[in-house]
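Peer 1: Next up is a structure, given as structure tokens.
In this note's numbering, the protein residues as written are 1 to 275.
Take a look at the structure:
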């Protein structure tokens, strides 16, 4: 058995024990194996059989393994066509819904927000494409992530130019300020987002929300039972007529959830309400 095969076998063994699924990690497993090999070396262990025995004797290590399995890959407007649809139709529809329900704010939740690129992308789409048509409606976004370092970076809201490459040039020029070689989001835009250190598997912010984004997290990496649990919790917090946005390559768990896909090509669903 090669060292790579040894790690894959170990990863398949441990993922199912922490509520995660191997198919979601197939493309990114080398990154996780790199972390696991580094940790094994820190402990002075020779192979993954030794690491497995060590874990069984030190159950606190499971929390460390869970953290090593997080995949914080993100950038502004990741999946450009999804954000194009959010700016062109979804945010306006959420604003109209807020008016009908006599609310003055669209509350949104970005679950697994990483370093803040996703919630800030939503704010930018609102600010540049939609807000002028709805002067009496405000947008507020809660971004949650289980990674303390990611939340800290999100709070600073400073990024390399490569993270902003999907944004229109005029947005980059007017929404960000250069600071120490980075591009930092202006405070008036950053202040629309509230950040929380929170693991969606164990805690969720209180609703109701008009839009929930859960992309490239629960429905990629979580095992089936946890996917069902997360989806149920999100729908409990989503207003009737609200929107759920998944990752482009994700699918909903089987079941009738009152969700209707807006377009076959986009992972955006409208919620009719729980029956």
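We put the beta carbon where it would ideally sit given N, CA and C, even for glycine. All of these numbers come straight from a predicted model, not from anything done at the bench.
For residue 163, which three-state DSSP category applies?
Peer 2: Of the three classes helix, strand and coil, the one that applies to residue 163 here is helix, per DSSP.
Peer 1: Among 3, 225 and 212, which residue has its Cα nearest to the Cα of residue 109?
Peer 2: Per the Cα distances, 212.
Peer 1: Report the residue from 224, 240 and 118 whose alpha carbon sits nearest the alpha carbon of residue 251.
Peer 2: Taking only the C-alpha atoms, the option nearest residue 251 is 224.
Peer 1: Residue 121 and residue 184: beta carbons closer than 7 Å?
Peer 2: Not in contact: residue 121 and residue 184 (Cβ atoms no closer than 7 Å).
Peer 1: Below 8 Å on the Cβ atoms is my guess for residue 112 versus residue 145; work out the distance and round it to an integer in Å.
Peer 2: The Cβ separation is near 6 Å, so the contact holds.
Peer 1: Name the two residues that bound the continuous alpha helix (DSSP H) containing residue 65.
Peer 2: First-last of the alpha helix (DSSP H) with residue 65: 61-68.
Peer 1: In terms of alpha-carbon separation, which member of 272, 267 and 271 lies closest to residue 81?
Peer 2: When each option's Cα is compared against that of residue 81, the closest is 267.
Peer 1: Using the beta-carbon count (16 or more within 10 Å), is residue 234 buried or exposed?
Peer 2: Classification for residue 234: buried.
Peer 1: According to DSSP, is residue 111 part of a helix, a strand, or is it coil?
Peer 2: The answer is strand: DSSP assigns residue 111 an E or B state.
Peer 1: Please classify residue 139: is it buried, with 16 or more other beta-carbons within 10 angstroms of its beta-carbon, or exposed?
Peer 2: By the neighbour-count rule (16 or more Cβ atoms within 10 Å), residue 139 is buried.
Peer 1: Enumerate in chain order the residues of its own chain whose CB-to-CB distance from residue 166 is below 6 Å, with the five nearest sequence positions on each side excluded.
Peer 2: Counting only Cβ-Cβ distances below 6 Å, and skipping sequence neighbours, we find 76, 77 and 80.
Peer 1: Could you check the C-alpha separation between residue 232 and residue 249 for me, to the nearest Å?
Peer 2: When rounded, the distance between both Cα atoms is 20 Å.
Peer 1: Short of 8 Å in beta carbon distance, which residues of its chain neighbour residue 291, apart from the five on each side in sequence? Order them along the chain.
Peer 2: Beyond the ends of the chain as shown, which are 1 and 275, falls residue 291; an answer cannot be given.
Peer 1: Mind pulling the alpha helix (DSSP H) runs of 4 or more residues that sit fully within the stretch 178-248?
Peer 2: Runs of the alpha helix (DSSP H) inside the stretch 178-248: 187-190, 218-221 and 224-237.
Peer 1: Select from 273, 56 and 71 the residue whose C-alpha is nearest the C-alpha of residue 115.
Peer 2: For the residues 273, 56 and 71, the minimum Cα distance to residue 115 belongs to 71.
Peer 1: What does the Cβ neighbour count give for residue 29, buried or exposed, with the cut at 16 atoms within 10 Å?
Peer 2: Buried.
Peer 1: Cβ of residue 97 within 6 Å of any heavy atom in the ligand ATP?
Peer 2: With respect to small molecules bound, the structure shown includes none, and the ligand ATP cannot be examined in it.
Peer 1: Just tell me which of 147, 142, 25 and 96 has its CA closest to the CA of residue 136.
Peer 2: Ranking the options by Cα distance to residue 136, first place goes to 96.
Peer 1: Going by the CB atoms, is the gap between residue 228 and residue 218 shorter than 7 Å?
Peer 2: Cβ distance not < 7 Å, so residue 218 and residue 228 don't count as in contact.
Peer 1: How big is the Cα-Cα spacing for residue 37 and residue 43?
Peer 2: Near 10 Å, if we compare the C-alpha coordinates of residue 43 and residue 37.
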